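Participant: Just dropping this structure here.
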Amino acid sequence: MKLSNRLQAIANFVPKNTIVGDIGTDHGYIPVYLIENKISKKVIATDISENSLDKIIQYVKLTKYEKDIDIRLGDGLETIKPFEIDTVIIAGMGGLLIRDILDKDKEKRDSITYFILQPNIATKELREYLYENNFEIIDEKIIKEDKKFYEIIYARKGKSYIAEDIYYEIGEKLILNKDPLLKEFINNKIERAEKILEELEDKETQKSMDRYKEVTEKITKLKEVLQEIEGN
Ligand SMILES: C[S@@+](CC[C@H](N)C(=O)[O-])C[C@H]1O[C@@H](n2cnc3c(N)ncnc32)[C@H](O)[C@@H]1O
Numbered sequence: 069m070k071l072s073n074r075l076q077a078i079a080n081f082v083p084k085n086t087i088v089g090d091i092g093t094d095h096g097y098i099p100v101y102l103i104e105n106k107i108s109k110k111v112i113a114t115d116i117s118e119n120s121l122d123k124i125i126q127y128v129k130l131t132k133y134e135k136d137i138d139i140r141l142g143d144g145l146e147t148i149k150p151f152e153i154d155t156v157i158i159a160g161m162g163g164l165l166i167r168d169i170l171d172k173d174k175e176k177r178d179s180i181t182y183f184i185l186q187p188n189i190a191t192k193e194l195r196e197y198l199y200e201n202n203f204e205i206i207d208e209k210i211i212k213e214d215k216k217f218y219e220i221i222y223a224r225k226g227k228s229y230i231a232e233d234i235y236y237e238i239g240e241k242l243i244l245n246k247d248p249l250l251k252e253f254i255n256n257k258i259e260r261a262e263k264i265l266e267e268l269e270d271k272e273t274q275k276s277m278d279r280y281k282e283v284t285e286k287i288t289k290l291k292e293v294l295q296e297i298e299g300n
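Okay, so the sequence shown: first residue is 69 according to this note's numbering, each after it adds one.
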């Protein structure tokens, strides 16, 4: 089967021969792809929604992989046992939800070796959580699909330090890797931030003025990163 660019980029991060948990699997395309292409030995595909789970049950029935894909209903990591998986994929949800899923069950979280995380929003907050909770970001990638940017974070447990606060907003690995979409991604962030400034311009509440200052500072930092990558 052929995956979308986003799902393919997520699957590309999965280390070979690992046992994978795909939390919030929905359609189940990744589990089937990982087994079909002999990347994983076994996949536990979970979802909190019965409707979503029905989709994957029907889909897996059409394949010959029913014994390789274990389908489970439940919230976050509650569906897996400690040390049952070595890689977890949590993709296509908000960064705060991904953070909460990881944080809710620390024993299980800490029994997992590799984390492939693809937040749709609030990536900054997810990076903050990872840096504050002894994760090391090994790699990152930006994907553009249907005019929308997606950031994929590949992490493992281990100490790491952030050199500049702006790296919460723009993953440092994206800069080091010279990610092909990085310039476009930053320019898009600047455009969106400038629109926020326009909206705040006439407002005179303290909250609005503080927000104006904060967004202006963010734009300055984003432009500095842009200069840094253009200079390289
Ligand atoms: C937009 S879909 C993403 C599906 C797939 N992971 C992807 O990236 O294309 C989000 C899925 O996460 C599931 N979900 C949301 N919260 C969850 C939780 N706490 N535990 C497990 N699944 C969850 C939803 O039911 C939904 O099927």
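Even glycine gets a Cβ: it sits at the ideal position worked out from N, Cα and C. Predicted model only: the values in this text are computed from it and were never measured.
Apart from the five residues on each side of it in sequence, which residues of its chain come closer than 7 Å, Cβ to Cβ, to Pro150?
Facilitator: Indexing the sequence shown from 1 puts residue 150 at position 82. Hits under 7 Å: Glu175, Lys176 and Ser179.
Participant: Could you check the C-alpha separation between Pro187 and Gln274 for me, to the nearest Å?
Facilitator: Position 119 of the sequence shown holds residue 187. Position 206 of the sequence shown holds residue 274. The straight-line gap from Cα to Cα measures roughly 31 Å.
Participant: Could you check where the alpha helix (DSSP H) with Tyr218 kicks off and where it finishes?
Facilitator: Here residue 218 is taken as the residue at index 150 of the sequence shown, counted from 1. It is not in any alpha helix (DSSP H) - Tyr218 instead sits in the beta strand (DSSP E) that spans Lys216 to Lys225.
Participant: Quick one: Cα of Val22 to Cα of Ile91, how far?
Facilitator: In the structure displayed, the chain extends from 69 to 300; residue 22 sits before or after that span and is not available.
Participant: Could you say which of Pro99, Ile124, Ala159 and Ser117 lies nearest to Thr191 if we only look at CA atoms?
Facilitator: For this step, residue 191 is matched to residue 123 along the sequence shown. Comparing Cα-Cα distances from Thr191 to each of Pro99, Ile124, Ala159 and Ser117, the minimum goes to Ala159.
Participant: Determine the contact status of Lys209 and Asp247, defining contact as a CB-CB distance below 8 Å.
Facilitator: Your numbering for residue 209 matches position 141 in the sequence shown. Your numbering for residue 247 matches position 179 in the sequence shown. It is a contact, given that the beta carbons lie within the stated cut-off.
Participant: So what's Tyr235 in DSSP terms, helix, strand or just coil?
Facilitator: Position 167 of the sequence shown, counting from 1, holds the residue named residue 235. Helix, per DSSP.
Participant: Checking the sheet assignment: what are the DSSP bridge partners for Gln186?
Facilitator: Within the sequence shown, residue 186 is the residue found at index 118, counting from 1. According to DSSP, Gln186 bridges with Ala159.
Participant: In terms of alpha-carbon separation, which member of Glu292, Lys281, Gly226 and Asp143 lies closest to Asn255?
Facilitator: Here residue 255 refers to the residue found at position 187 when the sequence shown is read from its first residue. It is Glu292.
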